[in-house]
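Sequential numbering of the first sequence, starting at 12, is according to my numbering.
Positions of the beta carbon are idealized from the N, C-alpha and C atoms, including for glycine.
Shown next, in structure tokens, is the structure this report addresses.
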Amino acid sequence: MSRLPRSFFARPTLTVARELLGQRFVKLEGRRRLAAIITEVEAYIGESDLACHARAGRTARTEVMYGPPGHLYVYFTYGKHWMLNFVTEREGFPAAVLLRAVAAEEGAGLMRRRRGRSDHLTDGPAKVTQAFAFDKRWNGADLCARDAEAFVETNLPPADEAVKVGPRVGLGNTPEPWLNRLWNFSVQTTRSDHPKV
DNA sequence: GGCCCGATACTCT
DNA sequence: GAGTATCGGGCCC
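Here it is as structure tokens:
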């Protein structure tokens, strides 16, 4: 089982987002291994994208997005939730792919404990970070380092006909054309802990 | 199943 | 001081 190298992330963000579908996101916690298949992602691309945090330019928060690809951009929102992104493109160009949903494969028991009594284990971006216990400390972590404790493993890609594209979610009053850019990618599945169709 | 709303703290204006 | 890449509970079908 091989891991996605930095060259995978150092490409156009839409390509990376689309090709992340079906791959396996892994976090090591000592002896424990949490793993899940990526089922929904969203692209945020550059300072001109008014839905991207980098629209405000380089700040302390967005610094990681300007850095080299293959790192995690983890930020806090809505007063309670953490969001996890994969930094993409070349160093100096701020872009990332938001991880919105996954399907648990390994460590589902631990994820369920962390999620409390909800049927929806990892079908939303804040649910994923809660189940995997990602927070501020992971901001800037390198997915491609030899000793990385979080990384993406290669897996069979989904069939083309199973892939859906749509507008990004939760952008509020972001103006057009950004509001309706089809930069959300998901795979249709049958289990309940997957994104809704 | 869907809609509405409050929680909550961090970032930038 | 406002806005926010969300969630879960309460309610109503």
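| task | Sort out for me which residues DSSP pairs K38 with in a bridge. | result | L45 and A161
| request: Measure the C-alpha to C-alpha separation of C155 and P105 and round it to an integer number of angstroms. | output: 18 Å
| request: Can you give me the Cβ contacts of A54 inside the same chain, cut-off strictly under 6 Å, excluding the 5 residues immediately before and after it? | output: T24, L25, A28, V108 and W194
| field | Short Cβ contact (8 Å threshold) for T50 with P80 | value | no
| request: Pull up the distance between the alpha-carbon of R126 and that of P136, whole angstroms please. | output: 13 Å
| request: Whole angstroms is fine: what's the gap from V180's alpha carbon to V37's? | output: 24 Å
| query | Could you give the residue range of the alpha helix (DSSP H) that holds L32? | reply | No alpha helix (DSSP H) holds L32; DSSP gives it neither H nor E.
| said: Suppose contacts are defined by Cβ-Cβ distances below 8 Å. Is A47 in contact with E116 by that definition? | reply: yes
| request: Could you work out which residue in E30, N96, E58 and V113 is closest to D153 when comparing CA atoms only? | output: N96
| Beta-bridge pairing of Y55 - partner residues as DSSP gives them | A107
| Own chain, CB closer than 8 Å to W149, minus 5 neighbours either side, in chain order | L83, V85, L95 and A161
| Would you report the Cα separation of D212 and E74, rounded to the nearest angstrom? | In this structure the chain extends from 12 to 208, so residue 212 is not present and cannot be described.
| Start-to-end residues for the alpha helix (DSSP H) that takes in M12 | It is not in any alpha helix (DSSP H) - M12 carries neither H nor E in the DSSP assignment.
| task | Go ahead and pull the three-state DSSP assignment for T70. | result | coil
| message | Buried or exposed, going by whether 16 or more other CB atoms sit within 10 Å of the CB of S197? | response | buried
| task | Label Y89 either buried or exposed according to how many other C-beta atoms from any shown protein chain fall within 10 Å of its C-beta, with 16 as the threshold for buried. | result | exposed
| task | Would you give the residue range spanned by the alpha helix (DSSP H) that F87 belongs to? | result | It is not in any alpha helix (DSSP H) - F87 instead sits in the beta strand (DSSP E) that spans L83 to T88.
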